[in-house]
Amino acid sequence: MRRQLVPTITTFAAVTGVVAFTLVASAPVGNAAARASSAYAISAEGQVPVARTPYAESLDGKRHSTSALELPKNPLISVRAGTATAGNDAASVELFDITIGPDILSQIKLPPDLKKSCDTLPATGADDLPIPKLPLPDLGIPLPDLSTIDLPVKNLPDLCKLLLTPPSSLLGIEGVNVWCSGDTGGVDIGALTLLGQRIAVPTVKKSATIPAAPLATITVNEQAKHSDGSFTITGLTINLGGGTEVIRLASATCAKPAAKPTPKPTRPTTTLPAPPADQAPAAPVPTPVKTHHPVTG
């Protein structure tokens, strides 16, 4: 039975648009300081910070593994389970059932006119109906002002369907597995859905970006080689609002631990064997004593 990360969420940012994949390259990140092999399941920077959880590190070359009991309370992310493992020049992460921005569209209050229009739409022939510009609610994160025209819909029937039967999250990820060994690694990502629509995630050996205008950019398989010889691979990096919020899912860093100091050799001491138990110990060698004898005659 997997231990669970407690989902403690309210809501989060706003909505993204249609997505497409384009290949991008990751620039190496320089760092002269030596680092240890490590791994973590989730971190976030920005308006809603989340520390690296769960986090494993190997300073001695031995294998260390940890699973989080709960995720820190936040309005952004929920996860069912996560395990991070780090060892000698190797690391891995397993992450399951990630939800970004749960129930975001269910907070939109639909005007009566829109509901009435949706109820009276014909089953076919409505592709040319305009999409009304409805402002989205303030969800507590400083993102650009958005409206329903920013939603990934093409016509009013699509908008009605999206708002009247909203998806359970902005972004849902079935699972992310990441591993590294030395300066190589790999990523395995399960089903990924954006506003209820499944997105095809290609199998890539290099970084790939999913630009989702106007709010989010999702990078898959982000890799970096550091100046100290270590190597980092991150399964998913989700950039919201042009850097307002950056979420990293499943990151592993491989680096050999610092060499242990070599002990100095010591001169062995010679110990005489003990005599047998049934034999008395040899008497000590007598030491001659010089004396003067009286002269007689």
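Just so we're aligned, residue 0 is where the sequence shown starts under numbering that gives the first Met the number 0, counting upward by one.
Heads up, the beta-carbon is just placed ideally off N, CA and C, and yes, glycines get one too.
Terminal residues of the continuous alpha helix (DSSP H) containing residue i?
{"i": "leucine 161", "result": "155-163"}
Pop quiz: residue i and residue j are said to be a contact at Cβ under 8 Å. What is the actual Cβ separation, rounded to whole angstroms?
{"i": "glycine 228", "j": "valine 177", "result": "So it is not a contact: roughly 19 Å between Cβ atoms."}
{"i": "proline 101", "j": "serine 167", "result": "6 Å"}
{"i": "glutamate 56", "j": "alanine 35", "result": "5 Å"}
{"i": "leucine 133", "j": "serine 146", "result": "6 Å"}
{"i": "valine 186", "j": "isoleucine 232", "result": "7 Å"}
{"i": "cysteine 159", "j": "leucine 120", "result": "7 Å"}
{"i": "glutamate 244", "j": "glycine 45", "result": "4 Å"}
{"i": "alanine 249", "j": "valine 175", "result": "4 Å"}
{"i": "alanine 251", "j": "alanine 38", "result": "4 Å"}
{"i": "proline 131", "j": "leucine 150", "result": "Not a contact, Cβ separation roughly 11 Å."}
Per DSSP, what kind of secondary structure is residue i in: helix, strand or coil?
{"i": "alanine 31", "result": "Only weak support is given to the placement of alanine 31: the predicted model assigns it a pLDDT of 40, under 50, and the value that follows is read from those uncertain coordinates. Coil, per DSSP."}
{"i": "threonine 265", "result": "coil"}
{"i": "leucine 113", "result": "helix"}
{"i": "alanine 26", "result": "With a pLDDT of 36 at alanine 26, under the threshold of 50, the modelled position of this residue cannot be trusted, and the question is left open."}
{"i": "serine 66", "result": "strand"}
{"i": "serine 105", "result": "helix"}
{"i": "aspartate 187", "result": "strand"}
{"i": "valine 5", "result": "For valine 5, the predicted structure reports a pLDDT of 40, less than 50, and the residue's modelled location is therefore unreliable. The matter cannot be settled from this model."}
{"i": "isoleucine 148", "result": "helix"}
{"i": "aspartate 118", "result": "helix"}
{"i": "glycine 124", "result": "coil"}
{"i": "asparagine 176", "result": "strand"}
{"i": "proline 48", "result": "coil"}
{"i": "glycine 86", "result": "strand"}
{"i": "leucine 58", "result": "coil"}
{"i": "proline 53", "result": "strand"}
{"i": "proline 131", "result": "coil"}
From the DSSP output, read off the bridge partner residues of residue i.
{"i": "glycine 181", "result": "Paired residue(s): none; glycine 181 is not in a bridge."}
{"i": "serine 167", "result": "Bridge partners of serine 167: none, in fact."}
{"i": "alanine 80", "result": "Phe95"}
May I ask which residues mark the beginning and end of the beta strand (DSSP E) holding residue i?
{"i": "isoleucine 41", "result": "36-45"}
With a threshold of 9 Å between beta carbons, is residue i in contact with chain C?
{"i": "alanine 215", "result": "Of the protein chains in the structure, only one exists, and it is not chain C."}
Query raised in the report: Where in the region 193-260 do unbroken runs of the beta strand (DSSP E), each at least 3 residues long, occur, reported from the N-terminal end onward?
Result: 196-198, 207-211, 215-224, 230-239, 244-253
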